[in-house]
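Asks: First, the structure itself, so that you have it in front of you.
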Ligand SMILES: Nc1nc2c(c(=O)[nH]1)N[C@H]1C(S)=C(S)[C@@H](COP(=O)(O)O)O[C@H]1N2
Ligand SMILES: [Mo]
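Residue numbers (this note's numbering): -14 to 509.
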């Protein structure tokens, strides 16, 4: 058989096996699906470097790339298998079998999918893939042995057909082969799409009937519309623009009807709270600025959301925290974890089990049905999405997901400021140019933002109003710009009187420092 024909058959069969796996996952509700599970294992293994890599290369919407990569590699292996099968009839069984074992292992490793379902899904997919390959083989084999002779088996001689005259019989065979291949490819794509669609079945919509309660305490959010500068951050970040960071390849879809938040560990009375019960508890609404520790100076991994939920302190009081407790350690339904010192809650900063964001139930990407939001701490030590358990433990008793991967265990958000407009490298006409951006140090607050042009002295900026010290502040400065190339720097001073750190440091291990600057060309 021609090498290309064999490769195409192998790839098509592998595609069909993958598609079948996705369809089975959709029908059975297995989450993650095999492809996503394989990607997940990859993320687990290479998370630290991958996260940085992904942010650098794809921005924060990097998940699709990993999925596509997984699929392409599988198709490639399928193609090679097809080629090898011309010499070694056992190759497809061995390679597809190994793939099935790997897929089953990856999927079963996830607590959300049982081993039985994972193995059954993999076995079924492998059988479908092998059957497809066998069929394609039968259709293709007459291409290189004469039409009419035995179409049997993976063990054909593999003669060279180049230059041979193509008989009508061979043409018909080729057409049948191509039709079958196209059919399998289409089925694979259709299966995968159907599986994903079935899986997506909107979990947030399932609890639509449960209205969002009115919070008993609501922090007034200033209307800063008169402070708007085109291109600069609005005071509240719209949900669709809010950055997203997590290790989940596909966001867990949690069934709120059966979901329970467990509060346990060093407490007198462990709690188990369902979704409706959580929504019926006295709630507050608080704007809080959330930042990812991976944010570079001038980066976009920060946003100001209005969060509604139950104060963590309420739940801790109800459970009765024991004296030895030192750490609030939380886990998500997909096994991710975060921990912060209990004493962080000694002041009155917002610390919420949040179920709504910007006036609507949490979207799946941001942690539906509930997540933690704690003012003043980077997300990786505090802001657990798809929250499942909160455990009170000692400081040594547990390490959050990123701690053994080299990130600091104690991680308060550092004072930071950013120039939003003009963009770095922009050209603007001479005259009044409005510089604008945001500055934040949640839990402390910002008292002053200053800009410096070309190393000139620091000038105070105008500040927007804030709801509290837990959010960023918008700043702007009217600059009388003269023609030429200029460098603009920004710095902030917090409410303790501390100045932003000017020494440059990378995000690892506990947050970047340094001053954001831009270069602007002012045209005459
Ligand atoms: N379950 C889970 N929660 C998580 C994470 C995660 O990987 N898994 N990442 C954390 C990190 S590093 C950050 S910065 C915030 C980001 O929250 P957002 O995606 O809603 O902006 O979520 C936190 N919560
Ligand atoms: Mo983060």
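Glycine included, every Cβ here is placed at the ideal spot set by N, Cα and C.
1) Taking just the CA atoms, how far does residue 479 sit from residue 218?
2) With H, G and I counted as helix, E and B as strand and the rest as coil, what does DSSP make of residue -9?
3) Can you tell me whether residue 438 is buried or exposed, with buried defined as 16 or more other CB within 10 angstroms of its CB?
4) Less than 8 angstroms between the C-beta atoms of residue 448 and residue 460, yes or no?
5) Taking DSSP as the reference, what is the three-state secondary structure of residue 342?
6) Given 8 angstroms as the limit, is there contact between the region 360 to 376 and the region 267 to 287, that is, 3 or more CB pairs closer than that?
7) Locate the beta strand (DSSP E) running through residue 92, then write down its first and last residues.
8) For the structure I just gave you, are there three or more beta carbon pairs, one from the region 399 to 418 and one from the region 160 to 176, closer than 8 angstroms?
9) Residue range of the beta strand (DSSP E) that residue 323 falls in?
10) Within 10 Å of its beta-carbon, does residue 4 have 16 or more other beta-carbons around it, so buried, or fewer, so exposed?
11) If I follow the unbroken alpha helix (DSSP H) through residue 466, where does it start and stop?
12) Check whether the Cβ atoms of residue 239 and residue 353 lie closer than 8 angstroms to each other.
13) Since residue 207 sits in a beta bridge, which residues does DSSP pair it with?
14) Touch check for the region 16 to 33 and the region 194 to 201: three-plus C-beta pairs under 8 angstroms?
15) Check whether the Cβ of residue 446 sits closer than 7 angstroms to any heavy atom of ligand 2, and report yes or no.
16) Measuring alpha carbon to alpha carbon, tell me which residue in 83, 342, 119 is nearest residue -3.
17) Mind checking whether the beta-carbon of residue 590 lies closer than 7 angstroms to any heavy atom of ligand 1?
18) Determine the extent of the alpha helix (DSSP H) in which residue 415 is found, giving its start and end residues.
19) Mind checking who residue 409 pairs with in its DSSP beta bridge?
20) Considering just the uninterrupted stretch of the beta strand (DSSP E) at residue 259, what are its terminal residues?
21) For the candidate residues 294, 507, 245, 430, whose alpha-carbon lies nearest to that of residue 338?
Replies: In terms of the structure at hand:
1) Looking up residue 218 in the chain shown gives position 233. Looking up residue 479 in the chain shown gives position 494. Approximately 20 angstroms between the Cα atoms of the pair.
2) Locating residue -9 in the chain shown gives position 6, counting from the first residue. In this structure, residue -9 counts as helix in the three-state DSSP scheme.
3) Translated into the one-based positions of the chain shown, residue 438 becomes position 453. So residue 438 counts as buried.
4) Here the question's residue 448 lines up with position 463 in the chain shown. Here the question's residue 460 lines up with position 475 in the chain shown. The answer is yes: Cβ separation under 8 angstroms.
5) Position 357 of the chain shown, counting from 1, holds the residue named residue 342. In the structure shown, residue 342 sits in a strand (DSSP, three-state: E or B).
6) yes
7) As a position in the chain shown, residue 92 is number 107, starting the count at 1. Here residue 92 belongs to no beta strand (DSSP E); instead the alpha helix (DSSP H) covers 76 to 93.
8) no
9) Position 338 of the chain shown holds residue 323. Note, residue 323: beta strand (DSSP E), 322 to 326.
10) Counting from one through the chain shown, the residue named residue 4 turns up at place 19. Result: buried.
11) Working through the chain shown from its first residue, we reach residue 466 at position 481. Element bounds for residue 466: not the alpha helix (DSSP H) but the beta strand (DSSP E), 458 to 466.
12) Working through the chain shown from its first residue, we reach residue 239 at position 254. Working through the chain shown from its first residue, we reach residue 353 at position 368. Going by C-beta atoms, residue 239 is nearer than 8 angstroms to residue 353.
13) Taking the first residue of the chain shown as position 1, residue 207 is located at position 222. In DSSP, residue 207 forms no bridge with anything.
14) no
15) For the purposes of this step, residue 446 is taken as residue 461 along the chain shown, with counting starting at 1. Checking the Cβ of residue 446 against ligand 2 gives no.
16) Locating residue -3 in the chain shown gives position 12, counting from the first residue. When only C-alpha atoms are compared, the closest one is 119.
17) Since the first residue shown for the chain is -14 and the last is 509, residue 590 is missing from the structure and cannot be characterised.
18) Working through the chain shown from its first residue, we reach residue 415 at position 430. Looking at the DSSP string, residue 415 is not in any alpha helix (DSSP H), and its letter there is neither H nor E.
19) Locating residue 409 in the chain shown gives position 424, where the first residue counts as 1. Beta-bridge pairing links residue 409 to no other residue.
20) For the purposes of this step, residue 259 is identified with residue 274 of the chain shown, where counting begins at 1. First-last of the beta strand (DSSP E) with residue 259: 256 to 259.
21) What you label residue 338 is simply residue 353 of the chain shown in a count that begins at 1. Checked all of 294, 507, 245, 430; the closest Cα to residue 338 is 294.
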